[in-house]
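2 protein chains.
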Amino acid sequence: MNKKDIIEKLNKSGLKATHQRVAVLDALMKTKTHPSAEELYKTILKQYPTISLATVYKTLESLKEVGLVRAIKTDCDYVRYDAITTNHFHLYHPEKNKLEDYYDNDLKNMIENYFKNKKIDNFELKEINLQLIGEFK
Amino acid sequence: MNKKDIIEKLNKSGLKATHQRVAVLDALMKTKTHPSAEELYKTILKQYPTISLATVYKTLESLKEVGLVRAIKTDCDYVRYDAITTNHFHLYHPEKNKLEDYYDNDLKNMIENYFKNKKIDNFELKEINLQLIGEFK
DNA sequence: TATTAGCTAATAACGATTATCATTTAGGAA
DNA sequence: TTCCTAAATGATAATCGTTATTAGCTAATA
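Keeping their order, the protein sequence lines are chains X and L. Residue 1 is where the first sequence starts when you use the working numbering, and the numbers rise one by one after that. Residue 138 is where the second sequence starts when you use the working numbering, and the numbers rise one by one after that.
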C-alpha cells in the first residue's frame, strides 16, 4: 500500500494525515513481526530521525481508537501491535516470545456460525480474540 | 473449598503450604471478579495485615508455575488472575473493564475437535486462549 | 541445639506507558 | 496564498504495575 492510500485511510477514519501517523501505519503494515511501540519507534527512526517515542505511543492509541490498528496482549510484558487487515488469529510461543498470524477461514467461520445460533445471556458479542498457545517447531 | 483442601492442593503441587500461599489461593478461589495482584493484596490484608504486596506477586507467580493459577491479559493495564478450576473462556467488556467467566462445553469441544483433525504446520498446540469481547447488557 | 533451605517483608529499582506543556503543523477560511 | 486555530508533536518528567534485592524469619531435620 502506497503513501496516498495510507493518507486516504487516515482521512476516512477522521484523523489528520500527519507525517508521523503515515510513518507509523506504513511501518506497521509492512512488518509481520507484531512489534512493540519501542520496536516500531526504532524502525521509523531510520527514515524519520526526529520522531518521538511518545508520538509513536500516541499515534498507536489514535489508530487503535479508529480501528486501523489492534493491540495484542500476550504473556510478554509489553503490548504488541497489528495493522488490521482481515480477520485472523494468532499463534504464540511463550518461551520464544514469538507471535505469528494464523489465517484459518474454516475456524473463523465455524466459530462465527456457532455464535449466530448461540446467544450469550446479557452479552452482545463484538469481537473474538483467539490466541493459540504452543511451540514453533 | 476449606483450608485443609487448599493445603493439600499446594502440597500436591510441590509447594510448601505457607499461610501466605493459602491466603492468596483461598482469596482467589472465593472471588469471581478476576482481581489484579493489588486488589487481591487489599482483600487479603483484612485478615492478614502483615502480608506484603511483593509476597502476593511472588505467590501468584509460584502458583502460576505449578498450574494452580492463570494470568489473564486483557485491554486493561494490569494482569488479572484466575484460580484454575475447569476449562472455560472469558467475556470481556472493555469500557466497563469487566471480565467474567464463560463456561461453554459445546464451544470447547467444537474447537478441540477441530484441532484434533487440523494440524498447524510447524506448531504444536498446547492451549487455547479465547476471549469474547463485547458489552454486558 | 545447630543446620539448612526456603520463604517473607520491606523497600528500592525497573521499565513500559502516560502526562505535561511549549512549540509546531495541518487543513480550512478569507 | 496567507492566516488562523484546533490539533498534533517532541522532549522529558512522572506514573505505576511489576520485579529484584536482601536481611531476617520459619519450619524441618539431624
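Glycine included, C-beta positions come from ideal geometry on N, C-alpha and C. This structure is a prediction, so every number in the text was calculated from the model and none was measured.
Check whether the Cβ of residue i lies closer than 8 Å to any Cβ atom in chain L.
i         : result
X:Ile-84  : no
X:Asn-87  : no
X:Tyr-102 : yes
X:Leu-107 : yes
X:Leu-91  : yes
X:Asn-11  : no
X:Asn-129 : yes
Helix, strand or coil: which one does DSSP assign to residue i?
i         : result
X:Asn-129 : strand
L:Tyr-185 : coil
X:Tyr-114 : helix
L:Val-203 : coil
Is the CB of residue i under 8 Å away from at least one CB in chain X?
i         : result
L:Gly-204 : no
L:Lys-253 : no
L:Lys-274 : yes
L:Leu-190 : no
L:Lys-263 : yes
L:Lys-210 : yes
L:Gly-151 : no
L:Asn-234 : no
L:Leu-269 : yes
L:Ile-257 : yes
L:Met-247 : yes
Is the Cβ-Cβ distance between residue i and residue j less than 8 Å?
i         : j         : result
X:Phe-89  : L:Lys-274 : no
X:Asn-45  : L:Tyr-251 : Residue 45 of chain X is actually Leu in this sequence, not Asn. The answer is no: Cβ separation not under 8 Å.
L:Leu-236 : L:Thr-196 : no
L:Leu-267 : X:Leu-130 : yes
X:Asp-101 : X:Lys-32  : yes
L:Val-206 : L:Ile-221 : yes
X:Val-22  : X:Ile-7   : yes
X:Ile-133 : L:Lys-255 : no
L:Asn-209 : L:Tyr-215 : Note that residue 209 of chain L is Ile in the sequence shown, not Asn. No, the pair does not count as a contact, with Cβ atoms beyond the cut-off.
X:Leu-91  : L:Ile-265 : no
X:His-93  : X:Glu-135 : yes
L:Gln-157 : L:Thr-180 : no
Could you pull the start and end residues of the alpha helix (DSSP H) that residue i belongs to?
i         : result
X:Ala-23  : 19-30
X:Glu-100 : Where X:Glu-100 is concerned, there is no enclosing alpha helix (DSSP H), although the beta strand (DSSP E) it sits in stretches over 98-102.
X:Tyr-81  : Counting along the chain, X:Tyr-81 falls outside any alpha helix (DSSP H), though it belongs to the beta strand (DSSP E) covering 80-83.
For residue i, report the span of its beta strand (DSSP E) as first-last.
i         : result
L:Leu-147 : From DSSP, L:Leu-147 is part of no beta strand (DSSP E) but of the alpha helix (DSSP H) over 140-149.
L:His-171 : Looking at the DSSP string, L:His-171 is not in any beta strand (DSSP E), and its letter there is neither H nor E.
X:His-90  : 89-93
Below 8 Å on the Cβ atoms is my guess for residue i versus residue j; work out the distance and round it to an integer in Å.
i        : j        : result
X:Leu-40 : X:Leu-28 : 6 Å
X:Cys-76 : X:Asn-97 : 5 Å
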